[in-house]
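The structure is reproduced here in structure tokens:
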């Protein structure tokens, strides 16, 4: 029954995957893709524009010849029929109409090209979806085969267990038939064996549970170890980056240290030069100060002498003035 269901699933998947493929192939092969180009209507309009005669002047209308009985139908160029009731049509009006028609045809051509591009993209998307569905169907078939194999193995193991149990029951029935007198003892032994079997099954179940727990712990520890390995790689990488940063910082520190030492040496040399120049200037200033003090003392002495002389001259002048005043009186 399971094989029949799996075959039905495979047929359904194949039919589902083949239907869009056939549709896309029919679209791609039955209808050839139109390469974008100039439409024949647009070429006809341009030909009509090139064939129209130039007007004598921009404002004067062109007179159309009247229709003869022999020729009742006018020739059409690009799908445009001339009207016999309006014989006068200006060249500019005709040119404007032709330009409008050309613009309309160009817009329709652009819309047609956009629709073609949209259909091409839709076909590509359908092909990609078909490939995805085929890959999914293949994976499902592989999974189904694997499950079939597991089911067969389990059925074989169950058949072996059933055979063992049947043989065991046969031996018990033979012993019961042969030794009816020892039935009670055999029943006790049977009960003991059943209890042992139950305990063994219980132990087996417990062992399966323990194995599942161990397996889960193993998976968890595996994920933890993988995370720790990833963290270790990250830490190693960051440690290497830090080492490189420390090396660069040390090199920068050494360069800055050497630069600072050179700057200090130059500053000390400049300071020594400044001290020496200050000492020389200080000695010069001291000499000038001493010279100025000597000059000041000499000037003070000369000033005292001059003041004494002035006092003496003033006294002499006062005496003379007094004498002159007394003589006049």
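Residue numbers (the numbering used here): 5 to 333. By construction, the Cβ of each residue, glycine as well, lies at the ideal position given by its N, Cα and C atoms.
Problem set entry | Residue environment, residue 151, which counts as buried when at least 16 other CB atoms sit within 10 Å | Counting Cβ neighbours within 10 Å, residue 151 comes out exposed, since fewer than 16 surround it.
Exercise. With residue 190 and residue 180 assumed to form a contact (beta carbons below 8 Å), what rounded beta-carbon distance in angstroms separates them?
Worked result: 6 Å between Cβ atoms; contact.
For this session: Specify the secondary structure class of residue 30 as computed by DSSP and reduced to three states.
Result: Interpretation of residue 30 is limited by its pLDDT of 44, a score under 50 that renders its predicted location unreliable; the figure taken from the coordinates is listed afterwards. Looking at residue 30 - three-state DSSP - the assignment turns out to be helix.
For this session: Locate the alpha helix (DSSP H) running through residue 142, then write down its first and last residues.
Result: Counted as a single uninterrupted DSSP element, the alpha helix (DSSP H) harbouring residue 142 occupies residues 95-182.
Exercise. Using the C-alpha atoms, what's the distance from residue 305 back to residue 287?
Worked result: Each residue's alpha carbon lies about 27 Å from the other.
Problem set entry | Exposure label - residue 105; buried when at least 16 CB within 10 Å | Residue 105 is classed as buried because its beta carbon has at least 16 other beta carbons within 10 Å across all chains shown.
For this session: Quick one: grab the DSSP three-state call for residue 269.
Result: Residue 269 falls in the helix class under three-state DSSP.
Problem set entry | Distance between beta carbons of residue 194 and residue 176, contact taken as under 8 Å | Rounded to whole angstroms, the Cβ separation of residue 176 and residue 194 is 7 Å, and the two are in contact under 8 Å.
For this session: Let me know if residue 149 comes out buried or exposed under the rule of 16 or more other beta-carbons within 10 Å of its beta-carbon.
Result: It counts as exposed.
Problem set entry | C-alpha gap between residue 250 and residue 147, whole angstroms | Cα atoms of residue 250 and residue 147: separation of roughly 55 Å, rounded to the nearest angstrom.
Exercise. Residue 334: buried (16+ other C-beta within 10 angstroms of its C-beta) or exposed?
Worked result: With the chain covering only 5 through 333, there is no way to say anything about residue 334.
Exercise. Residues in its own chain within less than 6 Å of residue 284 by CB, not counting five upstream and five downstream?
Worked result: Excluding residues within five positions, none has a Cβ falling inside 6 Å.
Exercise. How big is the Cα-Cα spacing for residue 139 and residue 218?
Worked result: Rounded to whole angstroms, residue 139 to residue 218 spans 35 Å at the Cα level.
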